[in-house]
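The block underneath contains the structure these notes are about, expressed in structure tokens.
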Amino acid sequence: MEESPLHPFELHNYIPINLGGLDISINKAVIMMWVVVGLISILMITAASARRLVPGKLQSLAEMMVDFIRGIILDTMGKNGMKFFPLIATLFLFILFCNLIGLIPGSYTVTSQIVVTAVFACTVYALSLVMGFVLHGGKFLGILVPPGTPGWLLPLMIPIELISQLARPISLAVRLFANMTAGHVILGVLFGLAVSGGLLIGWLPFAFTIAMNGLEVGIAFIQAYIFTVLTCVYLGDAFHLHGHDEHAH
Amino acid sequence: MPQPQDPFYAGLGQAVRIGTELLAALIVGGGLGWAIDTYLLGTGPWILVLGLVLGAAAGVRNAYRMAQRWPK
Numbered sequence: 001m002e003e004s005p006l007h008p009f010e011l012h013n014y015i016p017i018n019l020g021g022l023d024i025s026i027n028k029a030v031i032m033m034w035v036v037v038g039l040i041s042i043l044m045i046t047a048a049s050a051r052r053l054v055p056g057k058l059q060s061l062a063e064m065m066v067d068f069i070r071g072i073i074l075d076t077m078g079k080n081g082m083k084f085f086p087l088i089a090t091l092f093l094f095i096l097f098c099n100l101i102g103l104i105p106g107s108y109t110v111t112s113q114i115v116v117t118a119v120f121a122c123t124v125y126a127l128s129l130v131m132g133f134v135l136h137g138g139k140f141l142g143i144l145v146p147p148g149t150p151g152w153l154l155p156l157m158i159p160i161e162l163i164s165q166l167a168r169p170i171s172l173a174v175r176l177f178a179n180m181t182a183g184h185v186i187l188g189v190l191f192g193l194a195v196s197g198g199l200l201i202g203w204l205p206f207a208f209t210i211a212m213n214g215l216e217v218g219i220a221f222i223q224a225y226i227f228t229v230l231t232c233v234y235l236g237d238a239f240h241l242h243g244h245d246e247h248a249h
Numbered sequence: 001m002p003q004p005q006d007p008f009y010a011g012l013g014q015a016v017r018i019g020t021e022l023l024a025a026l027i028v029g030g031g032l033g034w035a036i037d038t039y040l041l042g043t044g045p046w047i048l049v050l051g052l053v054l055g056a057a058a059g060v061r062n063a064y065r066m067a068q069r070w071p072k
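Residue numbers (the working numbering), protein chains in the order written: chain B, 1 to 249; chain E, 1 to 72.
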């Protein structure tokens, strides 16, 4: 039982594939991603195929999720944010299902790989940059100057704003990755204690494992929600430059 | 199914967000300073120090901006 708590995060190639120096082997994470995509597709397609006015269980679950995502977008971006509904709904559902399915013992949490979360974060951030420059042209650089900055502060404010802009994709990626990894490390350590403790004292860490698993379900929802909200906020910033007062309270 | 509006989970989410916000800006500031020091100018640790200070400022600014968006 002398197993490292980081052991579950190691990936072993099942089917090694090498495409011109590029390693695209099939491993557990890839299979889990397929499973997640398949599950979401089956759920949504079966839910949408009924199309009853009085929705059944599955249909009302799907409607609840769609309505939830729609609420996030309308709150943070306003009406013209609905153009991004497909992207944001995909992100939310994929991250949510990855987080939740990873909690089943024996499966794998794809979002505990920083590569996966970094790709999501960089895509979202690059999209917001491209959109900002397309919509506002060179004026988009004004995002580096907060409104009402006196001229003599500019040499200080521009580097600070530049760093705070560049920190966005990193905080987005690190937050999801760190939360998922940390939760599973804690579960692993507690379970290791339960196994090595034996019946006499092992029930105590085992009880904590169960409690932590419950908390992790909450964390899975929260992290998917935070990632989606921040995606909307970053995209919305590119929409209305310095437009914070529009949706300020 | 826990709702994100649940005060316990909402507070947890906001606490976690502020922590990462501070950390990420510090990483970016320090990283940029270190890169400029090592690859561009070769000036001792000075730009790294400056970058860390600016990164800390940017982190606080990000956290502040985030807190402004909280529903009251």
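Cβ atoms here follow ideal geometry from the backbone N, Cα and C, with glycine treated the same way.
Here the structure is a predicted model, which means the values were calculated and not measured.
- By DSSP's assignment, N27 of chain B forms a beta bridge with B:N13.
- Counted as a single uninterrupted DSSP element, the alpha helix (DSSP H) harbouring I114 of chain B occupies residues I114 to H136.
- At a C-beta separation below 7 Å, L54 of chain E has these neighbours in chain B: P159, I160 and I163.
- Scanning B:A47, B:S164 and B:S49 for the CA closest to the CA of G30 of chain E turns up B:S164.
- When rounded, the separation of the alpha-carbon atoms in M77 of chain B and G214 of chain B is 32 Å.
- Straight-line spacing of the CA atoms in I72 of chain B and L22 of chain B works out to 38 Å.
- A Cβ-Cβ separation of about 24 Å leaves A224 of chain B out of contact with L129 of chain B under the 8 Å criterion.
- For L53 of chain B, the three-state secondary structure derived from DSSP is coil.
- In chain order, T20, L23, A24 and I27 make up the part of chain E whose C-beta sits under 9 Å from the C-beta of V174 of chain B.
- At least one CB of chain E lies nearer than 7 Å to the CB of L166 of chain B.
- Closest in C-alpha terms to I222 of chain B, from the list B:L100, B:I15, B:A62 and B:R51, comes B:L100.
- With respect to the 7 Å criterion, I15 of chain B and I24 of chain B are not classified as neighbours on the basis of their beta carbons.
- With the criterion set as a beta carbon lying under 9 Å from some beta carbon of chain E, the members of the region 170-202 of chain B are I170, S171, L172, A173, V174, R175, A178 and N179, in sequence order.
- By the Cβ test, the region 228-240 of chain B is in contact with the region 121-136 of chain B, since at least three Cβ pairs between them sit closer than 8 Å.
- According to DSSP, residue pairing for L19 of chain B in a beta bridge involves B:L22.
- The continuous alpha helix (DSSP H) containing W46 of chain E extends over residues W46 to Q68.
- Scanning B:G202, B:S49, B:F177 and B:E216 for the CA closest to the CA of F120 of chain B turns up B:F177.
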